[in-house]
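Those letters in the sequence shown? Residues 1 to 269, per this note's numbering, in order.
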Amino acid sequence: MSLLIKSQSSGRTMVQLPAGELEYVGFAAYRLSLGETLPVAAGDKELCLVLLSGRIGLKGEAPGQGAFDWDNLGDRQSVFEDKSPYAAYLPPGSQAQVTALSDVQIAVCAAPGSAQNGYGPRLIRPDSMKRSVRGKGANTRYVCDILPDSEPAHSLLVVEVRTPSGHSSSYPPHKHDTDDLPHQSFLEETYYHQVNPSQGFVFQRVYTDDRSIDQAMAVENSDLVVVPKGYHPVSVPYGYESYYLNVMAGPKRVWQFHNDPQHSWLLDL
């Protein structure tokens, strides 16, 4: 199975993880023109809608939680702006409609949900998100926690990362594919990539200790990389800047990773 899902250059759906590809994680990214609408139905999943760029209105309802109507959301025209996004959490059973108030790119992140938690729909504003710098030297990258494990949800974790030209990211290589807390958690993951300028590419490798998975991929703008297990570093060529949106989910909503021992010496540099 190829872990690289190529994006579509036209049409409403930019890229989508096929149903059943992963057990816990679902993902799709859409492009909308001014005035276009996108219906969203959570079903038995919980959703996190991430407004990548543009402005939208979002309205709908959730069972037992009533209606919601959030208008004129959006404060960035590109994921490469130094701004956090608007996002929204929607519990299982939610029905919603996104209306584009400009040209829009939006991601729909999904994972198993539970109505028993009582989580209602909520708007996640940019100023509520933690931003941080991770790594040093040519391993520096810029992180925005959209839906971390410190915020309420059943299984969904969402984060975005910008990586400068010539830098590495998700590096040294780490994995989270074993249910061995507190040392490591089992979380599936997807990487939705954008590249600036858009004709560029980045490299991502996904590999396991036994090399039962070992794929190195040239990833272009709006492509999706699937990480069912294993290590998953990213390298950004000179002249281009990388953005990726990570979606993680598993049986326990804890992000605890394990570094590849062959490369853990890099942490001492």
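All C-beta atoms, glycine included, are put in the ideal place defined by N, C-alpha and C.
Can you give me the C-alpha to C-alpha distance between residue i and residue j, rounded to a whole angstrom?
i, j, result
"Asp-127", "Cys-144", "11 Å"
"Met-248", "Lys-130", "17 Å"
"Arg-205", "Asp-223", "14 Å"
"Tyr-243", "Pro-233", "13 Å"
"His-183", "Pro-172", "17 Å"
"Cys-48", "Gly-54", "17 Å"
"Val-236", "His-167", "6 Å"
"Ile-124", "Val-195", "25 Å"
"Ala-42", "Asp-268", "44 Å"
"Trp-265", "Ala-96", "48 Å"
"Pro-164", "Asn-72", "30 Å"
Flag this pair as yes or no: are the beta carbons of residue i and residue j separated by less than 7 Å?
i, j, result
"Ser-102", "Leu-34", "yes"
"Thr-274", "Phe-27", "Only positions 1 to 269 of the chain appear in the structure, and residue 274 is not among them; the question remains open."
"Val-133", "Tyr-142", "yes"
"Ala-100", "Glu-36", "yes"
"Val-225", "Leu-22", "no"
"Ala-111", "Ser-155", "yes"
"Ser-185", "His-176", "yes"
"Val-277", "Ile-146", "Summary: the structure shown does not reach residue 277, with the chain confined to residues 1 through 269, and so no result is reported for it."
"Tyr-24", "Glu-151", "no"
"Leu-51", "Gly-20", "no"
"Pro-121", "Leu-90", "yes"
"Asn-246", "His-174", "no"
"Ser-9", "Val-15", "no"
"Val-202", "Val-219", "yes"
"Leu-32", "Val-108", "no"
Using a Cβ-Cβ cutoff of less than 8 Å, which residues in the same chain neighbour residue i once the five nearest sequence positions on both sides are dropped?
i, result
"Ala-67", "Lys-59, Gly-60 and Glu-61"
"Ala-138", "Gly-166, His-167 and Ser-168"
Within its chain, find whatever has a CB closer than 7 Å to the CB of residue i; leave out the 5 residues flanking it on each side and keep chain order.
i, result
"Asp-44", "Pro-92 and Gly-113"
"Ala-216", "Phe-203 and Arg-205"
"Lys-83", "Asp-75, Arg-76 and Pro-126"
Grab me the residues of residue i's own chain with a C-beta within less than 6 Å of its C-beta, minus the 5 sequence neighbours each way, in chain order.
i, result
"Gly-200", "Tyr-240"
"Arg-253", "Asp-149 and Ser-155"
"Asn-117", "His-154"
"Asp-214", "Tyr-207"
"Pro-63", "Gly-93"
"Pro-85", "Val-50 and Leu-51"
Relative to the alpha-carbon of residue i, which residue among the options has its alpha-carbon at the smallest distance?
i, options, result
"Thr-208", "Ala-216, Gln-215 and Gly-230", "Gly-230"
"Met-1", "Pro-39, Leu-17 and Asp-177", "Leu-17"
"Gln-77", "Ser-185, Ile-106 and Gln-215", "Ile-106"
"Lys-136", "Leu-181, Val-98 and Ser-170", "Ser-170"
"Pro-39", "Ala-19, Arg-12 and Pro-63", "Arg-12"
"Pro-197", "Pro-228, Trp-255 and Asn-221", "Asn-221"
"Phe-257", "Thr-178, Glu-46, Lys-83 and Ala-115", "Thr-178"
"Val-98", "Gln-262, Met-217, Arg-211 and Tyr-30", "Tyr-30"
"Pro-251", "Ala-216, Leu-123, Asp-180 and Gln-262", "Asp-180"
"Arg-115", "Lys-83, Pro-164 and Glu-46", "Here residue 115 turns out to be Ala, not Arg, going by the sequence shown. For the residues Lys-83, Pro-164 and Glu-46, the minimum Cα distance to Ala-115 belongs to Glu-46."
I want to check one thing, is the minimum distance from the CB of residue i to the heavy atoms of the ligand GTP below 6 Å?
i, result
"Gln-65", "Summarising the ligand content, the structure contains no ligands, and the ligand GTP is consequently not present."
Stretch-stretch touch, CB-based, cutoff 8 Å, three pairs: the segment 68–78 with the segment 46–60: Yes, the segment 68–78 is in contact with the segment 46–60.
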